[in-house]
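Beneath this line is the structure, given in structure tokens, with notes to follow.
Protein chains in written order, with our numbering: chain A, 82 to 315; chain B, 231 to 665.
This is the structure we're talking about:
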């Protein structure tokens, strides 16, 4: 279980996160929705130690990981699949997947996980020798998620997996996210596409300019009037 | 510190500064006696302005359009040959083209115009083949550009480098001897009398390049450099604009080739090789990729260093030091080390991608005394800021340790690190303070 308590981040003079509390219990998909610039990505980056925290704690199971370095956080079983995919365009699909297991030494298990991610994403399994750059947007997103899974995470944090993808492809990706959860990976999802995210979330938080303004089960938020007005365009 | 002058004053200042420089060069060339070591200054100004022009033309391609092209020496070669071939006096043809029965072109444009127009004809006779050199180079660049500009980055560099080498071999081809004199030198063609000539021509050409960069075309070039896909989405025709930039850059490379021919008084295709292209590239990089001012400064510094300041290193005596290892070639060793230092510590070049402006120059000049006066204070402030940052880092480390100790203590006492957040089946709303 991941617990974020009173997380604060400053960018120069800007107070980007103003005391965030979030729980990601085991076996659940938790999502964080909100508009552009609300601080969603910053939250994930702060958890990963990619941006310095100016206050607060991040607990992981029974450990305070607030002051760990990024590579040690990955070693603890937390991985971030960054916004905009950022796959390696000049490496093949297979090489991209192998790069995801960079910190691992257990060859037999890496091979097993490789089969697992190809099973999850059969579309990229057909393209193992293709260069990353030659994949379509949806395939690149799948590759990015697959690559993240290769670190054998207990918690997968996804930053805008639907960005720039066609509705049908988004459906595919979100179906895969549910499958990944069933395989025992906890998921923290951040999305602007609130409907798709809330649909599959067990619990969700709504973020606005650096603070959490609402929280509740995904299905309950989906029918909430305020959420509908602000984020679902109804 | 923002000193703003109105546009008129700035233009007047620029014109006055350039005119003063031209007059100084003109007088300097007359006053300084041949054989004086200060004559080197004039040589550096001549060659420096020619290199400044070709560096500016390369910067237009590499720095402003983002096309990594290495064909500049080849285009200079065509320019130099075109100029020389059409200005060799009729009487000298038999001696210059001694292996090719006096060549096929038996006349000189300069002489033809001199006969009817006098002194004016003389200079017109020099300008016409110079412009012709630029135009012929442009046509050849246009043709080369059709296949080559479809390539990107390194591939474009290799292809243009290859074409430049082909051109060089072509001009040395014996069958073309009656025109190009094969692998023999061309000489006795008309050259300029005063050093002010190449400075003036190069200055006008660089001004045109600057105007182009600040035009709509220049903006399109820079858009292509930054993001081709986005540029195309904006409706910019990528290939057309790349061709335009390539052809214009080559035109000015041709002009600078003609000027170089005049400067050297004899030419031959051999030195127009890759080494020459790398020298020009070096000037562009040292000056700053994307800054014409930088290219000009870089050209003069490069020429001064290689022709003048570091000469003594080859001759065995430099700044009063003499050593046995200072023999021909040692200059290049020192030069290479200097370049490495510049690239290491000024990786964006002298000017980065900024241009000279009177406003910033006046601001810098006015601020200079106070900058010098406050230098010790600023150094102290910098040191203090460094100490502070160090202290802050130490404090952060201490806080992290405290937190870890606290969590360890809690764990040891069997207490939970944190209490899970309340979860509800309905939507919870918090106020803006997140409570």
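Ideal placement from N, C-alpha and C gives every residue a C-beta, glycine not left out.
Output yes or no for whether 8 angstroms exceeds the beta carbon distance between residue i and residue j.
{"i": "residue 110 (chain A)", "j": "residue 124 (chain A)", "result": "no"}
{"i": "residue 326 (chain B)", "j": "residue 411 (chain B)", "result": "yes"}
{"i": "residue 88 (chain A)", "j": "residue 116 (chain A)", "result": "no"}
{"i": "residue 235 (chain B)", "j": "residue 588 (chain B)", "result": "yes"}
{"i": "residue 259 (chain A)", "j": "residue 293 (chain A)", "result": "no"}
{"i": "residue 158 (chain A)", "j": "residue 235 (chain A)", "result": "yes"}
{"i": "residue 213 (chain A)", "j": "residue 224 (chain A)", "result": "yes"}
{"i": "residue 222 (chain A)", "j": "residue 261 (chain A)", "result": "no"}
{"i": "residue 529 (chain B)", "j": "residue 513 (chain B)", "result": "yes"}
{"i": "residue 162 (chain A)", "j": "residue 226 (chain A)", "result": "yes"}
{"i": "residue 306 (chain B)", "j": "residue 486 (chain B)", "result": "yes"}
{"i": "residue 253 (chain B)", "j": "residue 275 (chain B)", "result": "no"}
{"i": "residue 285 (chain B)", "j": "residue 517 (chain B)", "result": "yes"}
{"i": "residue 262 (chain B)", "j": "residue 272 (chain B)", "result": "yes"}
{"i": "residue 584 (chain B)", "j": "residue 525 (chain B)", "result": "no"}
{"i": "residue 178 (chain A)", "j": "residue 231 (chain A)", "result": "yes"}
{"i": "residue 112 (chain A)", "j": "residue 270 (chain A)", "result": "yes"}
{"i": "residue 502 (chain B)", "j": "residue 303 (chain B)", "result": "yes"}
{"i": "residue 417 (chain B)", "j": "residue 495 (chain B)", "result": "yes"}
{"i": "residue 244 (chain A)", "j": "residue 164 (chain A)", "result": "yes"}
Counting only Cβ pairs nearer than 8 angstroms, list the residues of chain A close to residue i.
{"i": "residue 173 (chain B)", "result": "Because chain B is modelled from 231 through 665, residue 173 (chain B) falls outside the range shown and cannot be assessed."}
{"i": "residue 336 (chain B)", "result": "Here the premise fails: no neighbours, minimum Cβ distance about 58 angstroms."}
{"i": "residue 633 (chain B)", "result": "138, 145, 147, 148"}
Can you tell me whether residue i is buried or exposed, with buried defined as 16 or more other CB within 10 angstroms of its CB?
{"i": "residue 401 (chain B)", "result": "buried"}
{"i": "residue 242 (chain A)", "result": "buried"}
{"i": "residue 350 (chain B)", "result": "exposed"}
{"i": "residue 277 (chain B)", "result": "buried"}
{"i": "residue 570 (chain B)", "result": "exposed"}
{"i": "residue 406 (chain B)", "result": "exposed"}
{"i": "residue 207 (chain A)", "result": "exposed"}
{"i": "residue 104 (chain A)", "result": "buried"}
{"i": "residue 451 (chain B)", "result": "buried"}
{"i": "residue 428 (chain B)", "result": "buried"}
{"i": "residue 649 (chain B)", "result": "exposed"}
{"i": "residue 575 (chain B)", "result": "exposed"}
{"i": "residue 345 (chain B)", "result": "exposed"}
{"i": "residue 287 (chain A)", "result": "buried"}
{"i": "residue 601 (chain B)", "result": "exposed"}
{"i": "residue 391 (chain B)", "result": "buried"}
{"i": "residue 377 (chain B)", "result": "exposed"}
Please confirm whether residue i has its beta-carbon closer than 8 angstroms to some beta-carbon of chain A.
{"i": "residue 591 (chain B)", "result": "no"}
{"i": "residue 246 (chain B)", "result": "no"}
{"i": "residue 267 (chain B)", "result": "no"}
{"i": "residue 655 (chain B)", "result": "yes"}
{"i": "residue 648 (chain B)", "result": "yes"}
{"i": "residue 384 (chain B)", "result": "no"}
{"i": "residue 235 (chain B)", "result": "no"}
So which residues of chain A does residue i contact, with C-beta pairs closer than 9 angstroms?
{"i": "residue 658 (chain B)", "result": "295, 296, 297"}
{"i": "residue 620 (chain B)", "result": "What residue 620 (chain B) touches in chain A: nothing, since even the nearest Cβ is about 16 angstroms away."}
{"i": "residue 641 (chain B)", "result": "143, 144"}
Is residue i close to chain B? Criterion is C-beta to C-beta, closer than 8 angstroms.
{"i": "residue 302 (chain A)", "result": "yes"}
{"i": "residue 84 (chain A)", "result": "yes"}
{"i": "residue 305 (chain A)", "result": "yes"}
{"i": "residue 284 (chain A)", "result": "yes"}
Identify the contact partners of residue i in chain B, using a Cβ-Cβ distance below 8 angstroms as the criterion.
{"i": "residue 92 (chain A)", "result": "None at all; the shortest Cβ gap to chain B is about 16 angstroms."}
Output, in chain order, the set of chain A residues within a Cβ distance shorter than 7 angstroms of residue i.
{"i": "residue 637 (chain B)", "result": "145"}
{"i": "residue 651 (chain B)", "result": "102, 104"}
Report task. Note down, in chain order, all residues in the stretch 128 to 146 of chain A with a beta-carbon under 7 angstroms from any beta-carbon belonging to chain B. Result -> 138, 140, 143, 145
Query - chain B contacts made by the stretch 260 to 279 of chain A, where a contact means CB separation under 8 angstroms - result: none
Query raised in the report: Can you list, in chain order, the residues of the stretch 97 to 127 of chain A whose Cβ is nearer than 9 angstroms to any Cβ on chain B?
Result: 99, 100, 101, 102, 103, 104, 106
**Report entry** Contact residues within the stretch 222 to 241 of chain A, judged by C-beta distance below 9 angstroms to chain B
**Finding:** none
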